[in-house]
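Numbering (the numbering used here), first residue to last: 3 to 231.
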């Protein structure tokens, strides 16, 4: 239930008239607030005046230092430095123009360095139960930061060809399994239902998108595989 005190009822009642004591009380409260605001403004202006005085003193000090310094020598030194800077800019521009053509020609040459770093480093052509589980077979490849999209891994007679998925960039080691599975950054799957590699004398060849042989190995009994390229 809403309750109103008598003071509030008197104030909002249009027939009610303030007595002298109430008027004096309200006037005193207003004056008190005004005095407080006036004091705050006075303090603020006083602080601002002090800041301005300190700033003027600092300006006077700087002007005195400049008046006693050799500005002519300073200007000559600055002009000399600017001239040297322009000379250096011109030399850099000439050097860039001189080297731009060889750099452009070098950029057009085939980039074989990164591709040459990709190698077949291990094979498992005769895995355990590879007839029932083709993922017992795998070829391990190593490389760093090379985009292998569209590269191909082939067996000896090129009957089976694995194409590296679009956007695949090798970062370290990756194994290519013969069977099915979900591709990751370190495991790729040929998705073949049956074994791919012959247990002996089969050859694994890695081609880039231009058909260049990047790496080639052959299975061997003694050392598991021998490097051909």
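Just so it is clear, CB atoms sit at the ideal spot from N, CA and C, and this is done for glycine as well.
Contacts around residue i, its chain only, beta-carbon distance under 7 Å, and the 5 residues preceding and following it disregarded
{"i": "residue 112", "result": "Residue placement at residue 112 is flagged as unreliable, the pLDDT there being 43, under the threshold of 50; a coordinate-derived value is accordingly withheld."}
{"i": "residue 228", "result": "219, 220, 222"}
{"i": "residue 43", "result": "none"}
{"i": "residue 155", "result": "141, 164, 178, 206, 208"}
{"i": "residue 87", "result": "none"}
Cβ pair residue i, residue j closer than 7 Å
{"i": "residue 164", "j": "residue 140", "result": "no"}
{"i": "residue 206", "j": "residue 215", "result": "no"}
{"i": "residue 123", "j": "residue 208", "result": "no"}
{"i": "residue 119", "j": "residue 145", "result": "yes"}
{"i": "residue 169", "j": "residue 151", "result": "yes"}
DSSP bridge partner residues for residue i (one or two, in chain order)
{"i": "residue 122", "result": "143"}
{"i": "residue 205", "result": "220"}
{"i": "residue 93", "result": "Residue 93 pairs with nothing; no bridge assigned."}
{"i": "residue 149", "result": "171"}
{"i": "residue 228", "result": "220"}
{"i": "residue 165", "result": "154"}
{"i": "residue 191", "result": "179"}
Nonlocal neighbours in the same chain, by C-beta distance under 6 Å from residue i, ignoring five residues either side
{"i": "residue 13", "result": "Here the model assigns residue 13 a pLDDT of 49, short of 50, so the residue's position is not dependable, and the following value carries that caveat. So no residue of the chain qualifies."}
{"i": "residue 93", "result": "none"}
{"i": "residue 2", "result": "No statement about residue 2 is possible, as the shown extent of the chain runs from 3 to 231 and does not include it."}
Of the residues the options, the one placed nearest residue i, counting alpha carbons only
{"i": "residue 195", "options": "202, 183, 187, 189", "result": "183"}
{"i": "residue 126", "options": "199, 72, 75, 230", "result": "199"}
{"i": "residue 213", "options": "160, 187, 87", "result": "160"}
Distance cut-off 6 Å: residue i Cβ against heavy atoms of the ligand ADP
{"i": "residue 59", "result": "Within the structure as shown, the ligand ADP is missing, as the structure has no ligands at all."}
Beta carbon proximity, residue i to chain D, threshold 7 Å
{"i": "residue 206", "result": "The structure shown contains no chain D, having only a single protein chain."}
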